[in-house]
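Residue numbers (my numbering): 652 to 976.
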Amino acid sequence: MRPTHRWVAALGLSVGLVASAFAQQYPTKPITMIVPFAAGGPTDTVARSLGAAMTKTLGQSIVVENVGGAGGTVGATRAKNAQADGYTVFLHHIGMSTAPSLYRKLQFNPMTDFETVGLVVDVPMTLIARSDFPAANFTEFLKYVRENKAKMNLANAGVGSASHLCGLLFMSAIETDLTTVPFNGTAPAMNALLGKQVDFMCDQTTNTTGQIAANAVKVYGVTSKARVGTLPNVATLQEQGLKNFEVGVWHGLYAPKGTPKAVLDRLNAALLAAAKDPDFTKRMADLGATVYPAAQMTPAAHAAHLKGQIELWAPIIQKAGAYAD
Ligand code: ASP
């Protein structure tokens, strides 16, 4: 070996040692978990519960940073541009797979700008309306919406959010265009619904279960294929005549592209441990969410799911004809 080669090899060795020492010590300070929607909403609820569970394994707190706006794309862009050192992770949902079809100019590529850590939970949505909505059931609800379409306000969390996707599919299923009102997340949208400033919306059970139980909103259906265990009396939209209507809000944990493999392994191990944490699993079950099985909580399964979902939604969104810049 010539001296220069020996020097390069030694340098490579020491870089490797530094990297592995870094990974062994990781994390030595709090980790930021970016949530691309407002605090207090459904994604935020999953993130805070997950963060608390992962903290138990990682020994450092996970601090949620809410970066709402443009249906989750502002937060995703922030996460993409964060340092790939393991101190920023990103929790996002199905919106990661619909944004590429919805936005003509997207600042990130979901497939190439992120590392996938693993799938987290799948959350059904509910179709809910203000508490004084004048309809006793879904049939009356549809009739009222159609007859009053000019004055209906359908809330969502911006183009690219799950509530937007669900609303889009709903309008397309009932062949009725309505005025949509975007918020930074469905937490503020829920406040507007409770205040009767908007008429209805789709939102995850992680945000609506409590409001439904308290009769603070009216519920007209769930978006899952089968009924939700925690809401046994609420019929599915399919059951009530909306053929093939199904939206499951899957969530995944990401890190910026280039995050060291050893760090990703630590994060994945903490995610797997969270899936067995009784506080996390109970909270998710109480809110109607299903934690993914361990086999799908892997970077590879998450990446494959993301790719499949991007391909699945592209033609459906194209057909519905909704675009944003
Ligand atoms: N996840 C919600 C949605 O997509 C927004 C939120 O979490 O606030 O509509």
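We put the CB at the ideal spot given by N, CA and C, even for glycine.
For H744, the shortest separation between its Cβ and any heavy atom of the ligand ASP lies below 7 Å. In this structure, the CA atom of T856 is about 24 Å from the CA atom of V768.
For T683, DSSP records a beta bridge to V714 and T739.
Inclusion of T694 in the 7 Å shell around the ligand ASP follows from its C-beta lying nearer than that to a non-hydrogen atom of the ligand. In this structure, N804 and S814 do not form a Cβ contact; the two beta carbons are roughly 13 Å apart against a cut-off of 8 Å. By the Cβ rule, the segment 919-932 counts as touching the segment 695-704, because three or more pairs are nearer than 8 Å.
Rounded to the nearest angstrom, the Cβ distance from A730 to I685 is 5 Å, consistent with a contact under 8 Å. Ranked by Cα distance from P678, the options A840, Q862 and V740 are led by V740. Beta-bridge partners assigned by DSSP to G769: L904. Classified as buried, T777 has 16 or more neighbouring CB atoms from the shown chains inside 10 Å of its CB. Check the Cα spacing between V885 and each of F896, L893, V873 and G892: the tightest is with V873. Per DSSP, K933 is one residue of the alpha helix (DSSP H) stretching across P929 to D937. Judged by DSSP in its simplified three-state form, V725 adopts helix.
As the crow flies, the alpha-carbon of T763 is around 13 Å from that of A727. N919 sits away from F688, with the two beta carbons spaced by 8 Å or more. The count of Cβ pairs closer than 8 Å, one atom from the segment 857-872 and one from the segment 706-714, stays below three, leaving the stretches out of contact.
For N804, there is no enclosing alpha helix (DSSP H); the residue is part of the beta strand (DSSP E) that begins and ends at N804 to N807. Annotated as proximal: M705 and L922, with beta-carbon spacing under 8 Å. The beta carbon of Q891 lies closer than 7 Å to those of F789 and G872 in the same chain, with the five residues before and after it left out. In the three-state reduction of the DSSP assignment, V914 falls in the helix class, which pools H, G and I. Taking a C-beta distance under 8 Å as the contact criterion, A940 and V697 qualify as a contact pair.
Closest in alpha carbon position to N717, among H743, A690 and L820, is A690.
Distances between the C-beta of N884 and the heavy atoms of the ligand ASP are all 7 Å or more. In the DSSP assignment, Y795 falls outside any beta strand (DSSP E) and lies within the alpha helix (DSSP H) extending over F789 to E798. Looking at M852, I968 and A945, the one whose alpha-carbon comes closest to that of T831 is M852. With 16 or more other Cβ atoms from the protein chains shown falling within 10 Å of its own Cβ, A926 counts as buried.
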